[in-house]
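Read through the structure below, which is laid out as structure tokens, and then see the notes.
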Amino acid sequence: MSANSGSLPIRIEQDVVLARQAARQVCVACKLRLIDQTKLVTAASELARNAVIYGGGGTMDWDVVEKGLRKGVRLVFADNGPGIPDVAQALTDGWSSGSGMGLGLSGSRRLVDEFELESAPGQGTRITITKWS
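full-length UniProt numbering applies: residue 1 is where the sequence shown begins, and numbers increase by one.
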């Protein structure tokens, strides 16, 4: 695994653990503070789990990114699942299309500095998150 960029398939529950580990490693390589590492890894865990449960599997790509003098970690989760019919509703605390608590997407959004969700019915879902140092 390259510390600066890479990709990981997320197909089964064990891959969620690997996604967390990869996210942690790139955070350490980027010298993010421990609290920021924890926030990004928590969001990565939730989004990887969603890719397995709701998207039928997908990928997590990562990159070390720079903005001026700041470095950060960008993670992209993509799947070819059924997509999200109402993105605004899906980002509402307490709403879930499954049996969860409905805090995964909204909680993940609060843990990171940048959050972008692209999805449509029948077109899968792509979520990009970034945490800056």
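Note that beta-carbon positions come from the ideal geometry of N, C-alpha and C, so glycine has one too. Since we're looking at a predicted model, the values are computed, not measured.
Continuous alpha helix (DSSP H) assignments of at least 4 residues falling wholly in the UniProt domain "Histidine kinase/HSP90-like ATPase" (35-133): 87-90, 104-111
Leucine 8, DSSP secondary structure in three states: Position 8 of the sequence shown, counting from 1, holds the residue named residue 8. The DSSP-derived three-state label of leucine 8 is strand.
Per-residue burial, aspartate 79 [other beta carbons within 10 Å of its own, 16 or more giving buried]: One-based indexing of the sequence shown puts residue 79 at position 79. When all chains shown are included, aspartate 79 counts as buried.
Touch test, the region 64-71 against the region 6-21, Cβ-Cβ under 8 Å, three pairs minimum: no
Cα-Cα separation between arginine 20 and tryptophan 62, rounded to whole angstroms: Walking along the sequence shown from the start, residue 20 turns up at place 20. Walking along the sequence shown from the start, residue 62 turns up at place 62. Going by the C-alpha atoms only, they are around 12 Å apart.
Burial state of alanine 23 (16 or more Cβ within 10 Å): The sequence position of residue 23 within the sequence shown is 23, counting from 1. The residue in question, alanine 23, is buried, as its Cβ has 16 or more Cβ neighbours within 10 Å.
Cβ neighbour criterion (16 or more within 10 Å) applied to glutamate 114: Reading the sequence shown from its first residue, position 114 is the one you call residue 114. Looking at its Cβ environment, which holds fewer than 16 other Cβ atoms inside 10 Å, glutamate 114 is exposed.
Beta-carbon spacing of valine 41, isoleucine 10 below 8 Å: In the sequence shown, the residue the question calls residue 41 occupies position 41. In the sequence shown, the residue the question calls residue 10 occupies position 10. Going by C-beta atoms, valine 41 is not nearer than 8 Å to isoleucine 10.
Sequence-distant residues of the same chain with beta carbon closer than 6 Å to glutamate 116, five excluded per side: Translated into the one-based positions of the sequence shown, residue 116 becomes position 116. So the list reads Thr128, once near-sequence residues are dropped.
Inter-residue spacing [alpha-carbon to alpha-carbon] between valine 26 and asparagine 4: Position 26 of the sequence shown holds residue 26. Position 4 of the sequence shown holds residue 4. Using only the alpha carbons, I get a separation of about 7 Å.
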